[in-house]
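Read through the structure below, which is laid out as structure tokens, and then see the notes.
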Amino acid sequence: MADIARMAGVSLSTVSRSLSGSSLIPETTRQRITELARSLNYQVNIGAANLRKRDIQTVGVVILGDSMQTISDPFILNILGAVADALDERGMSLLLTRLNPQRQEQMAAMFDSGQVAGLIVIGQLTWHDYLNELARRGVPMAVWGACLSDAYYPVVGGDNATGGYLATRHLLQQGARRIAFFGDISHPEAALRHQGYARALAEAGLTPDPRLHQSFLFGDRRIRQVIDMWLDQGLDFDAIFASADIAAISLIGALNERGLEVPHRVRVVGYDDIALSAYLHPSLTSIRQPTAVAGRALVELLFEAIAGLPRRSVMLPAELVVRDSSA
């Protein structure tokens with residue numbers, strides 16, 4: 001804008017009024033300034049204008065793209081719905097985007113440009129170091145994920161280690177001894193669930209069998225193929241703890257098709273307690289994550305960060321919901 005003002009021989013305020021179409025500026029001046037702006041590829045940055053007025057009414061919600069979970073994943077939708085409701089109560093709207101690692105820098109650009117007042121990030125995955133970098137720069141954010149000890153950013157997450165422990169202890173109490181684990185422990189949340197799984201086994205005097213650990217990424221559409229390849233090995237197991245309900249639901253279908261009826265031959269426990277879990281046959285035992293509470297907590301922590309308050313994190317309790325699949 002300063003360049004345009006200098007080239008046109010007018011003040012900054014004249015340029016600003018001209019580009020906003022003010023009738024206070026003569027038509028010939030407005031046309032001259034508009035043509036200069038077009039030649040310089042100048043565009044009004046609405047976010048920056050709002051930032052100057054301290055009137056940004058939008059929060060950026062970022063889904064990390066190196067997860068295979070889609071935005072239509074039931075758990076992601078539950079979190080998004082809760083965040084949207086909490087923002088609406090504050091008179092705010094959300095700008096939803098999905099970023100892959102190659103576009104990582106766009107996360108900072110959303111804030112730096114004044115487009116959004118702050119960021120809510122769903123997941124951590126391989127982005128933990130980058131999220132720390134943004135937090136050190138002062139980008140206000142709140143992240144859904146694992147409560148990691150070296151996080152510089154506010155985190156809202158479930159008590160994943162306890163959730164894994166409760167799921168596995170329940171299967172042990174039901175008489176299971178050869179319990180498989182489905183989940184990618186390179187993912188922070190799944191890694192903590194696996195820690196809880198290993199702890200429960202250790203308390204029962206059992207050692208995890210590496211053959212009974214099958215890795216898969218959250219949301220991987222090839223989950224059924226992965227399950228079938230794992231089942232083809234003919235391994236000895238009597239229960240499965242899956243680190244996501246979608247995987248547990250796929251497992252139940254594959255096991256029943258092979259005559260390994262759930263729960264009579266194999267008991268299954270999932271994680272997240274998505275709404276569908278209660279309506280399956282058999283209904284799915286799962287670890288509940290309170291998404292409504294999580295959405296409100298994410299918004300609350302974000303606004304604390306925007307206000308410059310000390311960083312804090314919120315760990316939500318894990319709750320075992322027992323249904324037919326583990327009876």
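Going by full-length UniProt numbering, 33 is the number at position 33 of the sequence shown; the sequence numbering is gapless. Idealized CB from N, CA, C, for every residue including glycine. Just so it is clear, the structure is predicted and the values come from calculations on it, not from any experiment.
According to the DSSP assignment, V62 belongs to the beta strand (DSSP E) that extends over 58-64.
Taking L201 as reference, the option from R169, S215, Q214, L231 with the minimal CA-CA separation is R169. For L77, the closest C-alpha among the options M92, L96, A198 is that of L96.
Beta-bridge annotation (DSSP): M315 is paired with G157. In its chain, beyond the 5 residues on either side, D184 have a beta carbon closer than 6 Å to the beta carbon of S215. Between the alpha carbons of L40 and L24 lies a distance of about 24 Å. Taking the C-beta atoms as reference points, V62 is found no nearer than 7 Å to L87.
Runs of alpha helix (DSSP H) with 4 or more residues, each lying fully within the region 195-240, are found at 223-231, listed in chain order. Apart from sequence neighbours up to five positions away, the residues of its chain that approach L12 with a beta-carbon distance below 8 Å are M1, A2, A5, ordered along the chain. Out of R222, Q225, V226, L284, the CA that lies nearest to the CA of A248 is found in L284. With a cutoff of 7 Å on beta-carbon distance, P188 and A146 are scored as near each other. As for any beta strand (DSSP E) of minimum length 3 sitting wholly inside the region 118-164, the runs are 119-122, 141-144, 155-158, ordered along the chain. Three or more Cβ pairs closer than 8 Å define a contact, and the region 119-138 meets that threshold against the region 147-154.
Here I120 is not near A84, since their CB atoms are 7 Å or more apart. Counting along the chain, the unbroken alpha helix (DSSP H) around S16 starts and ends at 12-19.
It is roughly 28 Å from the alpha-carbon of A275 to the alpha-carbon of N100. A Cβ-Cβ distance of about 18 Å is found for the pair L206 and A161, leaving them out of contact under the 8 Å criterion. Here DSSP, grouped into helix, strand and coil, assigns D184 to coil. Residues S18, L19 of the same chain have their beta carbon placed closer than 8 Å to that of T34, with the five preceding and five following residues left out of the count.
Fewer than three pairs of CB atoms, one per stretch, sit closer than 8 Å, so the region 298-306 makes no contact with the region 260-270. Within the same chain, I63, L77, L80, L96, R98 come within 8 Å of I71 by CB-CB distance, once the 5 residues on both sides are set aside.
About 41 Å separates the beta carbons of S113 and F182, which is beyond the 8 Å limit, so they are not a contact pair.
Rounded to whole angstroms, the separation of the alpha carbons of L36 and P317 is 59 Å.
Counting along the chain, the unbroken beta strand (DSSP E) around D272 starts and ends at 267-272.
Close CB contacts of P282 within its chain, under the 8 Å cut and outside five residues either way in sequence, are with I252, V262, P263, R323, D324, S325, A327 (chain order). Secondary structure at V322: coil, using DSSP grouped into helix, strand and coil. In the structure shown, I179 adopts extended strand secondary structure according to DSSP, grouped into three states. Ranked by Cα distance from A167, the first of A198, I306, R137 is A198.
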